[in-house]
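In full-length UniProt numbering, the protein residues as written are 1 to 99.
Before any comments, here is the structure.
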């Protein structure tokens, strides 16, 4: 399992998506592929997003999550906080707080 840490800037905090650094592209499926996103530790809190590899000039993956992600992030974090992305496999990621 690979762990990635991102900072929840204005866009990631408010707009329902986040980018994955290009160096981790190999961990993700192709453009427009659905991905399951576990919000926190309760495994029943899973939403479906999709991978967008054309939104960034360098084709780094953008994970499009939607309003359920935005609501969860705004309830769990403050803008500027760090969030952990655990890549379980190419079809599933888990979002959580830093330990």
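Glycine included, each C-beta is placed from N, C-alpha and C at the ideal position.
It should be emphasised that the depicted structure is a prediction, and the values quoted were computed from it without experimental measurement.
| query | result |
| --- | --- |
| Where residue 80 falls: helix, strand or coil (DSSP) | coil |
| Cβ pair residue 87, residue 2 closer than 7 Å | yes |
| Distance, residue 29 Cα to residue 4 Cα | 16 Å |
| Residue 67 burial status per 10 Å Cβ neighbour count (16 or more: buried) | exposed |
| Cβ neighbour criterion (16 or more within 10 Å) applied to residue 26 | exposed |
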